[in-house]
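Residue numbers are given in numbering that gives the first Met the number 0: position 107 of the sequence shown equals residue 106, and the series is strictly consecutive. Down below is the structure, laid out as C-alpha cells.
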Amino acid sequence: MSRAIQAYRQTGGISDRDRAGRLRCTDDKVDRLIIAAVVADPHITAKGIKDASVWTIRRRLAEAGLANCVAAQKPHITDRQRSMRLQFARSVQTWGSEEWEVVFSNESTFSSRWDQERRVRRPMNSRYSPQYTQSVFASGRCSVSVWATMTREGLRPLVIIDGNLSASTYSLIIERELLPYVLNEPFKDGCFVYQHDRSPIHTARSVECLLECLAVRTLEWSPVGVDLNPIKNVWGLVKRRLAARNLGSSTKETLFAAIQEKWETLRSRPEIVAALYNSMPSRVAQVIATDGRLIKY
C-alpha cells in the first residue's frame with residue numbers, strides 16, 4: 000500500500016507508468032544480416048542463421064514482413080522445355096474465345112498421403128516467385144487414378160482407371176468415353192479440338208493412329224503445360240477439399256467415392272469452368288511475359 004501512496008504523490012495516479020520495454024539484443028547491422036541471409040536463401044531455417052537465437056531471428060524476419068510459408072510446388076522445368084513453352088504460347092497468343100473451344104483432358108492420381116510440404120520465408124504476394132517455390136519431381140504412390148475432360152459447357156463425369164494407364168487403356172478411353180460424350184453433347188457436328196499432354200502414353204504410335212483414324216484433331220500442346228491446362232485447377236480444387244477429410248484409412252472404393260462427390264459438386268457450378276476458359280489468354284500472355292517460365296496458375 001505504501002508504494003501505491005508514494006506513486007500517487009509523485010504522479011497523481013496509481014496506474015503503471017510507460018516502460019521502455021525489453022532491450023533489443025540485435026542492432027541494425029545484425030538485423031540487416033538476418034534479412035540478407037533469408038533473401039539469399041529463402042529456404043533457410045531460423046536455426047541455420049547463427050548470429051542470434053532462433054526466437055530473435057523469427058521476430059526480426061516477422062518485422063521485415065517475411066512470413067514463414069509453405070513453398071508452392073511446381074514441376075521441374077529445363078531450359079529446352081522453357082523455350083518450347085514460349086514457342087507454344089506465341090503460336091496461340093492471338094486466339095480468342097472461338098479458338099479456345101478446346102476439349103481439355105487430363106489424368107490425376109489421388110492418394111491419402113500428400114507431398115511433404117517445405118516452408119519458405121517470403122514477402123506477401125510473392126507465393127509463385129521462382130525463388131520461393133519448391134521444385135517437385137514426378138513421384139509418389141498411387142491410390143486411385145482418374146481421367147476426365149472439360150469443355151466450355153462444363154465437366155464430364157469421371158472415369159476411374161483400373162491399374163496402370165497404358166496406350167491400349169487410353170485408346171479404349173478415347174473410343175468409349177471421349178467420343179460418345181463430345182459427339183452426343185457439346186460437339187454434335189464432330190468439329191472439336193482435343194487437348195492432351197505430351198506424356199509417352201498420349202504420344203504412343205497406336206494412340207496417334209487411332210486419333211487419325213477417328214479424324215480427331217489434336218492441339219499440339221506445350222511441354223510441362225500443367226499451368227496452362229485449366230483442368231489442373233479443377234483437380235486442385237478437389238484435392239484441397241479432400242485434404243480437409245481424414246482419408247488415411249480409405250479403401251480404393253471409398254476414396255473414389257469421395258473424389259466423385261467433390262467432382263460432382265464442382266460440375267454443378269458452371270461459372271467455375273467459364274472462368275477457367277476465360278483465363279486462357281491471360282495464361283498465355285504470362286508465359287510470354289516470363290520468357291516461358293512457369294506461371295502462377
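Note that beta-carbon positions come from the ideal geometry of N, C-alpha and C, so glycine has one too. Quick caveat: nothing in here was measured; it's all calculated off a predicted structure.
- By how many angstroms is the C-alpha of Glu97 removed from the C-alpha of Ser82? In the sequence shown, residue 82 corresponds to position 83, counting from 1. In the sequence shown, residue 97 corresponds to position 98, counting from 1. Approximately 27 Å between the Cα atoms of the pair.
- As assigned by DSSP and simplified to three states, the class of Val64: As a working mapping, residue 64 is identified with position 65 in the sequence shown. Sequence inspection shows Gly at residue 64; the Val mentioned does not correspond to that position. Coil at Gly64, not helix or strand.
- CB-CB under 6 Å to Ser87, same chain, minus the five flanking residues each way: which ones, in chain order? As a working mapping, residue 87 is identified with position 88 in the sequence shown. This sequence places Phe at residue 87; Ser is not what is there. Cβ neighbours of Phe87 beyond the five flanking positions: Ser221.
- How long is the line joining the alpha carbons of Asp104 and Arg59, rounded to whole angstroms? As a first step, residue 104 is located in the sequence shown; it is residue number 105 there, counting from the start. As a first step, residue 59 is located in the sequence shown; it is residue number 60 there, counting from the start. Correcting the residue identity first, residue 104 is Ser in this sequence and not Asp. Rounded to the nearest angstrom, the two C-alpha atoms are 47 Å apart.
- Message: Measuring alpha carbon to alpha carbon, tell me which residue in Gly95, Glu207, Ala147 and Arg292 is nearest Ser167.
- Response: By one-based count along the sequence shown, residue 167 stands at place 168. Ranking the options by Cα distance to Ser167, first place goes to Glu207.
- Task: Have a look at Ile4 and His42 and give me their C-alpha separation to the nearest angstrom.
- Result: For this step, residue 4 is matched to residue 5 along the sequence shown. For this step, residue 42 is matched to residue 43 along the sequence shown. Note that Ile4 scores 43 on pLDDT, short of 50, meaning its location in the model is unreliable; the coordinates nonetheless yield the value given after this. Between Ile4 and His42, the C-alpha separation is close to 56 Å.
- Item | Inter-residue spacing [alpha-carbon to alpha-carbon] between Ser198 and Glu106 | If you number the sequence shown from 1, residue 198 lands on position 199. If you number the sequence shown from 1, residue 106 lands on position 107. Computed Cα separation, rounded: 11 Å.
- Look at the alpha carbon of Gly139 and the alpha carbon of Met123, and state the distance between them as a whole number of angstroms. Within the sequence shown, residue 139 is the residue found at index 140, counting from 1. Within the sequence shown, residue 123 is the residue found at index 124, counting from 1. Caution applies to Gly139, whose pLDDT of 41 falls short of 50 and renders its modelled position unreliable; the model cannot decide the point.
- Contact check, Leu275 vs Ile258 under 8 Å by CB: the rounded distance? Indexing the sequence shown from 1 puts residue 275 at position 276. Indexing the sequence shown from 1 puts residue 258 at position 259. Leu275 to Ile258, Cβ: 19 Å. No contact.
- Task: Would you please state the rounded distance, in angstroms, between the beta carbons of Val143 and Val158? I believe it to be under 8 Å.
- Result: Against the sequence shown, residue 143 aligns to sequence position 144. Against the sequence shown, residue 158 aligns to sequence position 159. Contact flag wrong, Cβ pair sits at about 12 Å.
- Identity of the residue in Arg239, His201, Arg79 and Val286 nearest Leu265 by Cα: If you number the sequence shown from 1, residue 265 lands on position 266. Of Arg239, His201, Arg79 and Val286, the residue nearest in Cα terms is Arg239.
- Beta-carbon proximity check, Arg118 vs Ala70, cutoff 8 Å: Residue 118 sits at position 119 when you count from the first residue of the sequence shown. Residue 70 sits at position 71 when you count from the first residue of the sequence shown. Yes.
- If I'm right that Val223 touches Arg84 with Cβ under 8 Å, what's the distance once you round it to whole angstroms? The residue you call residue 223 lines up with position 224 of the sequence shown. The residue you call residue 84 lines up with position 85 of the sequence shown. The pair is a contact, with the Cβ atoms about 7 Å apart (cut-off 8 Å).
- Query: Can you list, in chain order, the residues of its chain whose CB lies under 7 Å from that of Gln130, leaving out five sequence neighbours each side?
  - Reply: Here residue 130 corresponds to residue number 131 of the sequence shown, with the count starting at 1. Only Pro41 meet the Cβ criterion.
- Where Ala147 falls, given that 16 or more other Cβ within 10 Å makes a residue buried: Taking the first residue of the sequence shown as 1, we reach residue 147 at position 148. Classification for Ala147: buried.
- From the DSSP output, in three-state form, read off Ala3 for me. Within the sequence shown, the letter at position 4 stands for residue 3. A caution first: Ala3 carries a pLDDT of 46, below 50, which makes its placement in the model unreliable, though a value can still be read off. Residue state, collapsed to three classes: helix.
- Query: How long is the line joining the alpha carbons of Val286 and Arg126, rounded to whole angstroms?
  - Reply: Residue 286 sits at position 287 when you count from the first residue of the sequence shown. Residue 126 sits at position 127 when you count from the first residue of the sequence shown. Cα-Cα distance, rounded: 17 Å.
- Opening and closing residue of the beta strand (DSSP E) in which Tyr193 lies: For the purposes of this step, residue 193 is taken as residue 194 along the sequence shown, with counting starting at 1. Val192 to Gln194 is the span of the beta strand (DSSP E), which, as asked, contains Tyr193.
- Task: Assign Glu211 to one of three DSSP states: helix, strand, or coil.
- Result: Residue numbering aside, residue 211 sits at position 212 when the sequence shown is read from its first letter. Three-state result, Glu211: helix.
- Task: Buried or exposed for Lys251, please, with buried defined as at least 16 other CB atoms from any protein chain shown within 10 angstroms of its CB.
- Result: One-based indexing of the sequence shown puts residue 251 at position 252. The residue is exposed, with fewer than 16 neighbouring Cβ atoms inside 10 Å.
- Nearest to Ile160 by CA position, among Val53, Thr108 and Ala66, is which residue? As a working mapping, residue 160 is identified with position 161 in the sequence shown. Closest option to Ile160, Cα to Cα, is Thr108.
- Where Ile294 and Val233 are concerned, what is the direct C-alpha to C-alpha distance, given to the nearest angstrom? For this step, residue 294 is matched to residue 295 along the sequence shown. For this step, residue 233 is matched to residue 234 along the sequence shown. C-alpha separation (whole angstroms): 17 Å.
- Message: If you follow the beta strand (DSSP E) that Val145 is in, where does it begin and where does it stop?
- Response: What you label residue 145 is simply residue 146 of the sequence shown in a count that begins at 1. Note, Val145: beta strand (DSSP E), Val143 to Thr150.
- Message: Quick test of your reading: Gln92 and Gln133, contact by CB under 8 Å. State the CB separation rounded to the nearest angstrom.
- Response: Indexing the sequence shown from 1 puts residue 92 at position 93. Indexing the sequence shown from 1 puts residue 133 at position 134. Actually they do not touch by this definition, with Cβ atoms about 29 Å apart.
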